Structures are given as C-alpha cells and as structure tokens.
Amino acid sequence: MIDKTLPVHRGGPLRVLVCDDNVDLATTQTLLLEDAGHIAEAVFGGEEALHKLQTFKADVLLLDIAMPGMDGIEVCRTLRASAAWNHLKIVAQTGQGDREMLRRAAESGFDRLLVKPVEWTELMALLDDIRREIRRVK
Numbered sequence: 185m186i187d188k189t190l191p192v193h194r195g196g197p198l199r200v201l202v203c204d205d206n207v208d209l210a211t212t213q214t215l216l217l218e219d220a221g222h223i224a225e226a227v228f229g230g231e232e233a234l235h236k237l238q239t240f241k242a243d244v245l246l247l248d249i250a251m252p253g254m255d256g257i258e259v260c261r262t263l264r265a266s267a268a269w270n271h272l273k274i275v276a277q278t279g280q281g282d283r284e285m286l287r288r289a290a291e292s293g294f295d296r297l298l299v300k301p302v303e304w305t306e307l308m309a310l311l312d313d314i315r316r317e318i319r320r321v322k
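This is how it looks when you write it as structure tokens:
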C-alpha cells in the first residue's frame, strides 16, 4: 500500500525513467513517483533504458549503477557522448556511497548520486531541485 503521507512534489510533473535490475524496486519507485504526480516508467536493464529513451522523453533518468550486462556507468557514458541527451538529468542510484563510487559517477557524467536505500523525502527534494534547474534553462 502506498503511504499517502509521503511528500508530493511541488510544481508540474517531471517525466522520470527508472532503470534498475531489481524489478520490485524499480516498479515500486515508479508507482510512488506516479502517486506523487510525476509521469514515470520502469525498465530493468541498461540496453532497455537506451531503447526506452527513444520513445519516452524523460527529464530524469534514475539509473542503477550495478546491473548485469550494460551497467549504469556505461549507459551514462553512452548518453553523455551525444549532445541529444544534454537536457537529461541522470541520477545514479547505488548501494555504494564511498569516494571511489562518487568519483566514478562524476567522471561518467551523472548529475547526482543517491545511495540506496533512497529516502523518499530525499528523492522528492532532488526532483524539486531538478525541476528548478530545468525551469532556469527554459
């Protein structure tokens, strides 16, 4: 059951693609984002994320780093290699919050990094910050 006391975003919805090989986590996060008023979709692998982004015009990609096959680092590097994805805010989600992971994420082109388990209030605050950044650019 979704906790209706969870904070809801301020302002208009963001389009968020959640990519995590943990199907339960990705699905739950997507449902909670939708409940908070965002437009969200879930995929469960790196290659699937790249494919989905061709049709789902996301503002934000919540991207797990440690996935089998194409991992989040490779997905981020692939997206950052093309100017077509400069608008996309890519947020790493990882179970490792050490300095080495922070360095790797920054070098790969991630805009932000969240350490799992991600607190809902932290995610909502981050999305509010991203919305403000997007509005300043437009």
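Under this note's numbering, think of the first position of the sequence shown as 185, with each following residue one higher. C-beta atoms are modelled at their ideal positions from N, C-alpha and C, and glycine is treated no differently. Small disclaimer: the values here were computed from a predicted structure and weren't measured.
| query | result |
| --- | --- |
| Just to confirm before moving on: does the CB-CB distance between A224 and L234 stay below 8 Å? | no |
| Beta-carbon within less than 6 Å of N206's beta-carbon, same chain only, minus the 5 sequence neighbours each way: which residues are those? | none |
| Please name the residue or residues paired with V299 in a DSSP beta bridge. | T278 |
| Compute the Euclidean distance between the alpha carbons of P191 and F240, then round it to the nearest angstrom. | Note on P191: pLDDT 46, under 50, position unreliable in the model; no value is reported. |
| For C260, I'd like the list of residues in its chain whose CB is within less than 6 Å of its CB, leaving aside the five on either flank, ordered along the chain. | I274, S292, G293 and F294 |
| What does a CB cutoff of less than 7 Å around A242 pick up in its chain, not counting 5 residues either side in sequence? | R199, V200, L201 and L272 |
| Which residues in the same chain as G196 place their Cβ atom closer than 8 Å to its Cβ, once the five residues preceding and following it in sequence are excluded? | R315 |
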